[in-house]
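Undergrad: Please find one structure pasted underneath; my questions will follow.
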Amino acid sequence: MSRPPYVSFLVRSSRPDGRIGAAEVVDSVLRELGLGRLPAGSRLPPVRVLEQELGLSKNTVQAAYDELVARGALESREREGVFVAGARGESALPPPVPAPAMLALRPAPGLPPSTPRGLLPLSMVFIDPALLPREKLEECTRSVLRSPGVASLYEAQGYLPLRQAVAARLAARGMAVDASHVIITTGSQQAIDLVARATATPRVAVETPVYSHARLLFESLGLGLTGLPLDPFAGLDLEAWEALLTRDRPGFLYAITSYQNPTGYSYSTHELVRLCELSARLGFALVEDDWGSDMLSMGGYRPTLRQIGGEPVLYINSFTKKLLPSLRVGFLVAPPALVPTLVAFKRLSTLGNPWLTEAIVAEFLERGYYDAHLTSLHHELDARYALCLAALREILPSSVRHTTPGGGPTLWLEIPREVDLAQLQRSVISRGVHIELSAGHFQGPAHLHGFRIGYAYLAPDALRRALHRLAEALAEQGVR
Ligand SMILES: Cc1ncc(COP(=O)(O)O)c(C=O)c1O
């Protein structure tokens with residue numbers, strides 16, 4: 381049986397020099413006993429604990445306890461310790477304590493429920509784990525753990541060789557970025573969080589529909605939201621956007637400019653240029669989330685706001701989807717003047733992120749593994765994308781429209797209005813398939829009627845099976 385926890389008590393000195401010796405320990409125990417703070421049968425701190433806490437020798441503490449035993453205040457039990465006398469050898473039970481008050485929380489953000497296990501996840505944004513470079517990552521992990529300098533400390537902005545590698549990759553894509561502009565984050569999500577927490581302005585504009593975890597994050601931090609309706613089949617209505625931005629004057633626009641989540645929409649160069657002009661004229665900053673770049677070869681790299689607008693544009697991207705989701709390494713590129721404040725906010729939240737993981741990703745990049753991995757990933761994802769489009773044409777009724785993003789891991793299915801989406805979801809779940817409904821994606825009323833599907837996670841035969849079941853569920857509601 382384990383020993384009961386000991387009861388700690390305060391040892392005070394009444395000597396003018398404040399020093400503590402055996403007599404002070406004796407007096408303090410007697411005082412606490414007199415005040416009823418040491419119930420009969422409670423265990424006192426072991427000698428070595430008091431010895432350390434008070435900076436006394438073992439003999440002094442032992443002498444104090446011996447004295448208290450001799451006076452009948454304490455009793456010593458072999459191999460158990462020293463106890464307050466008077467409980468007939470029983471250890472005291474802790475006195476009943478009223479249950480402490482519970483922490484009051486704000487309402488939980490309305491995140492979409494995670495995909496139930498055992499269902500085919502049709503709305504998944506991840507890449508099939510079978511396509512991810514586990515062995516090469518294992519090699520880099522071993523190598524990093526062997527190098528002495530890396531694992532010992534961290535620097536809040538992020539591991540310098542990784543920042544350098546990120547800057548070099550972006551520079552090769554036509555974005556003039558220096559390592560000192562790069563802040564390494566825990567996935568893109570922390571980059572969005574940093575911007576949202578550090579902004580001095582109370583309002584943000586977002587596309588609607590938009591990546592729900594960004595919208596909900598902004599909302600949870602008390603930012604007002606201006607939804608800019610995005611129709612992936614029609615392009616951006618920039619006149620309408622301009623009117624909304626002029627009316628609401630947000631501090632920044634969060635835009636997923638390529639392969640937008642959830643619609644798969646990519647901004648045209650003209651639209652990017654117009655946004656830079658509006659930003660300059662109306663005074664809102666641009667925060668670009670380039671999540672889907674690196675995923676398909678056929679699109680190559682699309683133009684970015686950061687390329688067109690230059691240094692003032694904040695740019696976010698991450699390695700999490702393309703390497704291993706559990707690595708959680710992303711980054712934020714910020715204008716030099718903003719970097720120190722953003723890093724200060726990052727320090728407040730995490731002090732620093734795991735350098736070990738950052739060093740593994742840096743090594744992966746440095747050895748050329750990332751480029752080799754992307755080449756084979758592109759090959760596979762291009763094939764899956766083509767198969768997905770062919771399967772959509774073959775399996776789903778022609779009244780179901782879909783976007784053709786040409787990159788990123790997902791595309792949007794627009795379902796005829798007469799279909800009840802909640803019922804459709806229940807019906808596909810009963811057939812072993814999960815779709816994520818999009819309420820969380822919309823800021824304001826939903827002008828689209830559909831949901832996102834991912835082509836990169838399920839193997840092609842599983843994707844076809846899932847689409848067949850979706851077609852059955854649609855047929856049940858009269859859409860054939
Ligand atoms: C558009 C968008 N941005 C950011 C993220 C967050 O990604 P990360 O895993 O890098 O935190 C996601 C995740 O799905 C996303 O869809």
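If you count the sequence shown from 1, position 127 lands on 507 in the numbering used here, and the numbers rise without skipping.
Positions of the beta carbon are idealized from the N, C-alpha and C atoms, including for glycine.
The structure displayed is predicted, hence computed values, not measured ones.
Would you mind working out which of N641, L703 and Q537 sits nearest G732, comparing C-alpha positions?
TA: When each option's Cα is compared against that of G732, the closest is Q537.
Undergrad: Taking only heavy atoms of ligand 1 into account, decide whether any of them is closer than 8 Å to the Cβ of R811.
TA: Outside the cutoff, so no.
Undergrad: Quick check on DSSP: helix, strand or coil for V562?
TA: Residue state, collapsed to three classes: strand.
Undergrad: Using the C-alpha atoms, what's the distance from L618 back to L525?
TA: Their backbone Cα atoms lie some 51 Å apart in a straight line.
Undergrad: If V462 and Y445 are in contact, beta carbons under 8 Å, what's the gap, nearest whole angstrom?
TA: The Cβ separation is near 5 Å, so the contact holds.
Undergrad: Output the distance between the C-alpha atoms of G607 and A585, rounded to the nearest integer angstrom.
TA: When rounded, the distance between both Cα atoms is 6 Å.
Undergrad: With respect to 8 Å, is the separation between the Cβ of H644 and the closest non-hydrogen atom of ligand 1 below this value?
TA: The sequence shown places Gly at residue 644, not His. Every heavy atom of ligand 1 is 8 Å or more from the Cβ of G644, so no.
Undergrad: In whole angstroms, what separates the C-alpha of R577 from that of K726?
TA: Answer to the nearest angstrom: the Cα atoms are 10 Å apart.
Undergrad: Relative to the C-alpha of G830, which candidate in L804, G824 and I400 has its C-alpha closest?
TA: Comparing Cα-Cα distances from G830 to each of L804, G824 and I400, the minimum goes to L804.
Undergrad: With a threshold of 16 other CB atoms inside 10 Å of the CB of H594, please say whether the residue is buried or exposed.
TA: Residue identity differs from the one stated: residue 594 is Ala in this sequence, not His. When all chains shown are included, A594 counts as buried.
Undergrad: DSSP beta-bridge partners for Y634?
TA: In the DSSP output, where bridge partners are listed per residue, Y634 has V586 and V667.
Undergrad: Please name the residue or residues paired with L728 in a DSSP beta bridge.
TA: According to DSSP, L728 bridges with nothing at all.
Undergrad: Can you pull the DSSP bridge partners for L550?
TA: Paired residues: none, contrary to the question.
Undergrad: Alpha carbon to alpha carbon, what distance is there between M504 and W621?
TA: Cα to Cα, W621 sits roughly 29 Å from M504.
Undergrad: Put R595 into one of helix, strand or coil per three-state DSSP.
TA: Three-state DSSP puts R595 in a helix.
Undergrad: Pop quiz: P489 and S568 are said to be a contact at Cβ under 8 Å. What is the actual Cβ separation, rounded to whole angstroms?
TA: Rounded, the Cβ-Cβ distance is 17 Å, inconsistent with contact.
Undergrad: Going by the C-beta, is Q537 closer than 8 Å to any heavy atom of ligand 1?
TA: No - ligand 1 has no heavy atom lying nearer than 8 Å to the Cβ of Q537.
Undergrad: Straight-line CA distance for F506 to L704?
TA: Distance between the alpha carbons of F506 and L704: 9 Å.
Undergrad: For a quick check, are the C-beta atoms of D670 and N641 less than 9 Å apart?
TA: No, they are not a contact pair.
Undergrad: Among E515, P528, G602 and V477, which residue has its Cα nearest to the Cα of R486?
TA: For the residues E515, P528, G602 and V477, the minimum Cα distance to R486 belongs to G602.
Undergrad: Using 8 Å as the threshold, is the region 674-694 in touch with the region 729-746, meaning 3 or more CB pairs across them?
TA: Result no; under three Cβ-Cβ pairs closer than 8 Å.
Undergrad: Return the CA-CA distance between E856 and H848, expressed in angstroms with no decimal places.
TA: Roughly 13 Å separates the two Cα atoms.
Undergrad: Taking 8 Å as the cut-off, does the CB of A594 come closer than this to any heavy atom belonging to ligand 1?
TA: Yes, the beta carbon of A594 sits closer than 8 Å to at least one heavy atom of ligand 1.
Undergrad: Under the assumption that E587 contacts A635 (Cβ atoms under 8 Å), give the Cβ distance between them as a whole number of angstroms.
TA: About 6 Å; that satisfies the 8 Å criterion.
Undergrad: Could you please go through the chain and list the residues whose beta-carbon is closer than 5 Å to any non-hydrogen atom of ligand 1?
TA: Listed by chain position, these are V505, G567, S568, Q569, Y591, I636, N641, D669, W671, S698, T700 and G710.
Undergrad: I'd like the span of the alpha helix (DSSP H) that includes I809, first residue to last.
TA: I809 -> alpha helix (DSSP H) spans L801 to S810.
Undergrad: Evaluate contact between the region 774-792 and the region 545-564, counting only Cβ atoms and requiring at least three cross-stretch pairs below 8 Å.
TA: As far as the Cβ criterion goes, the region 774-792 does not touch the region 545-564, which means the pair count is below three.
Undergrad: On the DSSP bridge assignment, give the partners of F744 in chain order.
TA: The partner list for F744 (beta bridge, DSSP) is empty, contrary to what the question assumes.
Undergrad: Going by DSSP, which residues form a beta bridge with F463?
TA: BP columns for F463 point to R423 and E455.
Undergrad: What number of angstroms, rounded off, separates the C-alpha of A846 from the C-alpha of V780?
TA: Using only the alpha carbons, I get a separation of about 15 Å.
Undergrad: On a Cα-Cα basis, can you pick out the residue from I795, L728, L761 and F699 that is closest to F744?
TA: Among I795, L728, L761 and F699, the Cα nearest to that of F744 is on F699.
Undergrad: How close, in whole Å, do the beta carbons of A453 and L410 come, if the pair is a contact with beta carbons under 8 Å?
TA: Contact flag correct, Cβ pair sits at about 6 Å.
Undergrad: Give the secondary structure of L793 by DSSP, where H, G and I count as helix, E and B as strand, and everything else as coil.
TA: Here L793 sits in strand by DSSP.
Undergrad: Rounded to the nearest angstrom, what separates T783 and Y749 at their Cα positions?
TA: Approximately 32 Å between the Cα atoms of the pair.
Undergrad: Since S408 is in the beta strand (DSSP E), which residue starts that stretch and which ends it?
TA: From DSSP, S408 is part of no beta strand (DSSP E) but of the alpha helix (DSSP H) over A402 to G414.
Undergrad: Helix, strand or coil: which one does DSSP assign to R395?
TA: Coil.
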